[in-house]
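A.B. asks: Chains as they are written, first to last, in my numbering: chain A, 1 to 461; chain B, 462 to 656.
No residue lacks a Cβ here, since even glycine has one placed at the ideal position from N, Cα and C.
Have a look at this one before I ask anything.
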């Protein structure tokens with residue numbers, strides 16, 4: 001550090017020139033994906049749109065005929081939709097983990113990953129809100145929550161927390177993006193007029209003057225602090241939606257931290273998959289190094305172990321007692337109809353990654369990405385296990401319930417709508433990465449020791 | 462000859478059949494006596510008893526199992542299990558002291574003979590004002606977690622509003638700062654033009 005300062009003092013012009021060149025090269029690399037819209041991207045977006053539109057059509061059918069076209073009945077009234085909601089809320093937590101926690105604890109290696117984490121968080125939380133409305137038989141009544149909502153109800157807490165977290169996450173994504181948008185506005189040539197106008201409008205007249213940098217950095221710092229309790233509360237409140245209901249499997253005081261731990265794990269898995277894909281497709285090997293995968297792999301191991309600990313608490317302690325309805329539920333999970341999903345989640349979604357990723361060789365990009373995909377799939381299935389089997393084993397069963405109420409399997413419209421929501425999240429992330437730099441140029445430059453505030457202005461001039 | 466023999470033999474056979482039918486009828490009649498239950502209530506100090514007197518053809522029936530129930534909103538609540546009548550034909554139930562009654566403390570008590578080997582199913586019911594006074598659930602009118610939205614607990618309203626105001630206050634501050642970023646840019650432009 002001292003040597004660097006001496007160097008600057010001796011020859012400030014050379015230092016600035018060198019850094020400007022470095023920054024320009026970085027800028028060029030990260031702007032390249034925005035300049036071309038290849039066939040691969042078009043096909044990918046086309047597939048996502050097809051899945052999304054199929055889901056929209058099925059939702060239209062659901063609106064027309066009601067929830068009867070789904071597998072949801074009086075027993076399993078929260079099925080695949082709510083599992084999906086919990087999954088989206090879980091992965092949205094990653095924005096807080098990567099961007100805030102690591103930023104505030106002065107970890108430098110995270111810098112190229114912040115934007116990937118933040119866009120995953122924003123896209124996931126948008127669809128978390130939408131999927132709740134999809135689960136409603138009468139979606140127009142969602143307004144009643146605002147006009148007749150009871151502050152005593154966990155549903156109301158969830159609505160408040162989801163909207164607050166979405167707003168904060170959006171600002172947390174947008175503010176550090178301002179220099180990037182301004183760069184697109186000034187240096188991205190040959191793009192349609194509307195795109196240029198969009199950049200001009202979104203850049204808020206960003207010029208990189210000291211006041212703008214100061215305001216932006218202060219706001220980002222404030223949001224980094226604010227977003228941590230918000231992120232934890234969104235998942236805790238989601239856990240309380242379940243834990244405040246008297247049902248075997250949900251009647252637990254552990255549920256808040258159990259959900260938060262699971263959310264961190266799911267989100268980290270998503271970021272690893274995201275960074276692997278962006279690195280490969282946008283050729284970002286210069287910015288997302290093996291060391292990033294190595295560190296994320298270590299984080300994944302740590303989170304797997306934490307989550308395994310919570311799973312032991314949630315399953316083995318009740319299994320030791322095996323009382324009443326919990327016995328039926330646990331037998332269904334351990335050896336019954338849900339056993340294949342249960343053991344897949346435990347083994348491939350937690351134990352195997354925790355053991356194998358302990359070895360450095362397994363934390364290389366390809367094997368780590370494969371394990372991260374397993375973790376993400378396991379995380380989705382885990383939410384299904386938290387929601388559906390428990391609903392089928394109430395403390396007070398309905399007398400003379402029809403046979404199709406006591407079994408649940410999602411119908412095609414449900415699967416299609418859920419697939420559409422997943423496609424929607426991927427669409428947002430893909431389209432975002434096609435219009436804005438997916439790696440925060442100024443944050444990476446700052447991490448490389450470049451005084452971005454000093455050199456940004458000359459470059460843009 | 463043969464005909465005369467058959468005629469002579471038929472008579473005892475017919476007699477046997479008639480006797481057999483009579484005995485079956487007697488046995489059947491023995492096993493399915495019709496009975497009547499009379500309920501009476503006795504209170505001595507704090508001990509309250511409900512007696513069911515089982516009578517058949519004016520005589521008390523011993524060793525008959527009587528089941529007592531209290532009528533609830535949707536079904537019958539069993540009281541005291543199976544109670545067998547004594548020599549006097551009385552089955553006695555120690556009446557529970559904590560059974561809620563209706564608005565006048567009345568409880569409808571039902572005594573039943575069900576699936577008895579010797580007595581046909583029968584039941585009897587009587588009303589007694591031994592119910593415990595139950596306070597009406599007035600949660601709807603007082604502040605509680607289960608009350609309507611305008612009856613939420615005061616502490617919950619205060620705490621939740623403080624949290625929401627602080628967090629949205631911070632968000633509002635950040636949004637104002639976003640506009641300041643824009644303003645600061647135009648200020649520089651204006652300065653340049655003025656210069």
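Can you tell me the Cα-Cα spacing of residue 374 of chain A and residue 445 of chain A, whole angstroms?
C.D. replies: Counted from its first residue, the first chain places residue 374 of chain A at position 374. Counted from its first residue, the first chain places residue 445 of chain A at position 445. Between residue 374 of chain A and residue 445 of chain A, the C-alpha separation is close to 33 Å.
A.B. asks: Residues of the region 187-214 of chain A in Cβ contact with chain B at a cutoff of 7 Å, in chain order, please.
C.D. replies: Correct list: 204, 205, 206, 207, 209, 211, 212.
A.B. asks: DSSP three-state label for residue 586 of chain B, please.
C.D. replies: Here residue 586 of chain B corresponds to residue number 125 of the second chain, with the count starting at 1. Correct three-state label for residue 586 of chain B: strand.
A.B. asks: Using a Cβ distance threshold of 8 Å, determine whether the region 131-150 of chain A contacts the region 245-262 of chain A, with at least three qualifying pairs required.
C.D. replies: These segments do not touch.
A.B. asks: Does the distance from the C-beta atom of residue 365 of chain A to that of residue 293 of chain A stay below 8 Å?
C.D. replies: The count along the first chain starts at 1 and reaches residue 365 of chain A at position 365. The count along the first chain starts at 1 and reaches residue 293 of chain A at position 293. Cβ distance < 8 Å, so residue 365 of chain A and residue 293 of chain A count as in contact.
A.B. asks: Which term fits residue 56 of chain A, buried or exposed, when burial requires 16 or more other beta carbons within 10 angstroms of its beta carbon?
C.D. replies: Numbered from its first residue, the first chain carries residue 56 of chain A at position 56. Looking at its Cβ environment, which holds fewer than 16 other Cβ atoms inside 10 Å, residue 56 of chain A is exposed.
A.B. asks: Between residue 551 of chain B and residue 521 of chain B, what straight-line distance do the alpha-carbon atoms span, to the nearest angstrom?
C.D. replies: Sequence index remark: in the second chain, residue 551 of chain B carries index 90 (1-based). Sequence index remark: in the second chain, residue 521 of chain B carries index 60 (1-based). Taking the straight line joining both Cα atoms gives about 8 Å.
A.B. asks: The beta strand (DSSP E) that contains residue 87 of chain A, what's its start and end?
C.D. replies: Looking up residue 87 of chain A in the first chain gives position 87. Careful: residue 87 of chain A lies outside any beta strand (DSSP E), inside the alpha helix (DSSP H) at 80-92.
A.B. asks: Please tell me whether residue 282 of chain A and residue 33 of chain A are closer than 8 Å, where the distance is taken between their beta carbons.
C.D. replies: Here the question's residue 282 of chain A lines up with position 282 in the first chain. Here the question's residue 33 of chain A lines up with position 33 in the first chain. Cβ atoms of residue 282 of chain A and residue 33 of chain A: closer than 8 Å.
A.B. asks: Assuming residue 185 of chain A and residue 199 of chain A make a contact with CB atoms under 8 Å, what is their CB distance in whole Å?
C.D. replies: Locating residue 185 of chain A in the first chain gives position 185, where the first residue counts as 1. Locating residue 199 of chain A in the first chain gives position 199, where the first residue counts as 1. Yes, residue 185 of chain A and residue 199 of chain A are in contact; Cβ-Cβ is about 4 Å, under 8 Å.
A.B. asks: Compare the C-beta of residue 458 of chain B with all C-beta atoms of chain A and state if any pair is closer than 8 Å.
C.D. replies: No information on residue 458 of chain B is available, as it lies outside the stretch 462 to 656 that chain B covers here.
A.B. asks: Does the beta-carbon of residue 297 of chain A have 16 or more other beta-carbons within 10 angstroms, so that it is buried, or is it exposed?
C.D. replies: Residue 297 of chain A sits at position 297 when you count from the first residue of the first chain. By the neighbour-count rule (16 or more Cβ atoms within 10 Å), residue 297 of chain A is buried.
A.B. asks: Do the CB positions of residue 398 of chain A and residue 74 of chain A come within less than 8 Å of each other?
C.D. replies: As a first step, residue 398 of chain A is located in the first chain; it is residue number 398 there, counting from the start. As a first step, residue 74 of chain A is located in the first chain; it is residue number 74 there, counting from the start. It is a contact, given that the beta carbons lie within the stated cut-off.
A.B. asks: Can you give the Cα-Cα distance for residue 156 of chain A and residue 437 of chain A, rounded to whole angstroms?
C.D. replies: For the purposes of this step, residue 156 of chain A is taken as the residue at position 156 of the first chain. For the purposes of this step, residue 437 of chain A is taken as the residue at position 437 of the first chain. Going from the Cα of residue 156 of chain A to the Cα of residue 437 of chain A covers about 36 Å.
A.B. asks: Run through chain B and tell me which residues come within less than 9 Å of residue 164 of chain A, C-beta to C-beta.
C.D. replies: By one-based count along the first chain, residue 164 of chain A stands at place 164. By Cβ distance, chain B contributes 625, 628, 629, 632.
A.B. asks: Among A/447, A/304, A/360, whose alpha-carbon lies nearest the alpha-carbon of residue 349 of chain A?
C.D. replies: In the first chain, counting from the first residue as 1, residue 349 of chain A sits at position 349. The residue with the shortest Cα to Cα distance from residue 349 of chain A is A/304.
A.B. asks: Which runs of the alpha helix (DSSP H) at least 4 residues long sit entirely within the region 121-166 of chain A? Give them in chain order.
C.D. replies: As far as the region 121-166 of chain A is concerned, its whole alpha helix (DSSP H) runs of at least 4 residues are 142-148.
A.B. asks: For residue 414 of chain A, which of helix, strand or coil comes out of DSSP?
C.D. replies: As a position in the first chain, residue 414 of chain A is number 414, starting the count at 1. Helix at residue 414 of chain A.
A.B. asks: Going by C-alpha distance, which of A/360, A/265, A/370, A/94 is nearest residue 276 of chain A?
C.D. replies: Taking the first residue of the first chain as 1, we reach residue 276 of chain A at position 276. Out of A/360, A/265, A/370, A/94, A/370 has the C-alpha closest to the C-alpha of residue 276 of chain A.
A.B. asks: Counting contacts by CB-CB distance shorter than 8 Å, is residue 219 of chain A in contact with chain B?
C.D. replies: Numbered from its first residue, the first chain carries residue 219 of chain A at position 219. Output row for residue 219 of chain A: interface = yes.
A.B. asks: Counting pairs of Cβ atoms below 8 Å between the region 328-339 of chain A and the region 384-401 of chain A, do you hit three or more?
C.D. replies: Yes: at least three Cβ pairs fall under 8 Å.
A.B. asks: Below 8 Å between beta carbons: does that hold for residue 166 of chain A and residue 225 of chain A?
C.D. replies: On the first chain, residue 166 of chain A is found 166 positions in, with the first residue counted as 1. On the first chain, residue 225 of chain A is found 225 positions in, with the first residue counted as 1. No, they are not a contact pair.
A.B. asks: Of all Cβ atoms in chain A, is any one closer than 8 Å to the Cβ of residue 643 of chain B?
C.D. replies: Sequence index remark: in the second chain, residue 643 of chain B carries index 182 (1-based). Interface residue, yes.
A.B. asks: Would you kindly check if the distance between the Cβ of residue 545 of chain B and the Cβ of residue 515 of chain B is under 8 Å?
C.D. replies: Position 54 of the second chain, counting from 1, holds the residue named residue 515 of chain B. Position 84 of the second chain, counting from 1, holds the residue named residue 545 of chain B. Contact flag unset, no.
A.B. asks: Residue 398 of chain A touches chain B at which residues, Cβ-Cβ below 8 Å?
C.D. replies: By one-based count along the first chain, residue 398 of chain A stands at place 398. Within chain B, no residue comes near residue 398 of chain A; the closest Cβ sits about 14 Å away, beyond 8 Å.
A.B. asks: In chain order, which continuous runs of the alpha helix (DSSP H) of length 4 or greater are located wholly inside the region 328-356 of chain A?
C.D. replies: For the region 328-356 of chain A, whole alpha helix (DSSP H) runs of length 4 or above, ordered along the chain, are 339-346, 352-356.
A.B. asks: Would you say residue 149 of chain A lies against chain B (beta-carbon separation less than 8 Å)?
C.D. replies: For the purposes of this step, residue 149 of chain A is taken as residue 149 along the first chain, with counting starting at 1. It does: the Cβ of residue 149 of chain A has a partner Cβ on chain B nearer than 8 Å.
A.B. asks: Please indicate yes or no: does the CB of residue 202 of chain A lie closer than 7 Å to some heavy atom of the ligand NAD?
C.D. replies: Annotation note on the ligand NAD: not contained in the displayed structure, which lists no ligands.
A.B. asks: With 8 Å set as the bound, which would you pick, yes or no: does the beta-carbon of residue 603 of chain B sit closer than that to a beta-carbon of chain A?
C.D. replies: Here residue 603 of chain B corresponds to residue number 142 of the second chain, with the count starting at 1. Taking Cβ atoms only, chain A never reaches closer than 8 Å to residue 603 of chain B, which makes this a no.
A.B. asks: Got a sec: which bits of the region 503-536 of chain B sit with their beta carbon under 7 Å from any beta carbon on chain A, in order along the chain?
C.D. replies: Those residues of the region 503-536 of chain B that come within reach of chain A (Cβ to Cβ, closer than 7 Å) do not exist; the list is empty.
A.B. asks: When we look at the beta-carbon of residue 161 of chain A and count the other beta-carbons within 10 Å, is it buried (16 or more) or exposed?
C.D. replies: As a working mapping, residue 161 of chain A is identified with position 161 in the first chain. When all chains shown are included, residue 161 of chain A counts as buried.
A.B. asks: Within the same chain, show all residues whose beta-carbon is closer than 6 Å to that of residue 306 of chain A, passing over the 5 residues directly before and after it, in chain order.
C.D. replies: In the first chain, the residue the question calls residue 306 of chain A occupies position 306. Once the five neighbours on either side are set aside, the close Cβ partners of residue 306 of chain A are 261.
A.B. asks: Consider the Cβ of residue 276 of chain A: report whether some Cβ of chain B lies at a distance smaller than 8 Å.
C.D. replies: Numbered from 1 along the first chain, position 276 holds the residue referred to as residue 276 of chain A. Residue 276 of chain A does not count as touching chain B.
A.B. asks: Roughly how many angstroms lie between the CA atoms of residue 383 of chain A and residue 121 of chain A, to the nearest whole one?
C.D. replies: Your numbering for residue 383 of chain A matches position 383 in the first chain. Your numbering for residue 121 of chain A matches position 121 in the first chain. Looking at the two C-alpha atoms, the distance is approximately 18 Å.
A.B. asks: If we ignore side chains and look at the alpha-carbon of each, how far apart do residue 410 of chain A and residue 422 of chain A end up?
C.D. replies: Counted from its first residue, the first chain places residue 410 of chain A at position 410. Counted from its first residue, the first chain places residue 422 of chain A at position 422. Whole-angstrom Cα-Cα distance: 16 Å.
A.B. asks: Please report the distance separating the alpha-carbon of residue 238 of chain A from that of residue 86 of chain A.
C.D. replies: Sequence index remark: in the first chain, residue 238 of chain A carries index 238 (1-based). Sequence index remark: in the first chain, residue 86 of chain A carries index 86 (1-based). Cα to Cα, the separation comes out at about 7 Å.
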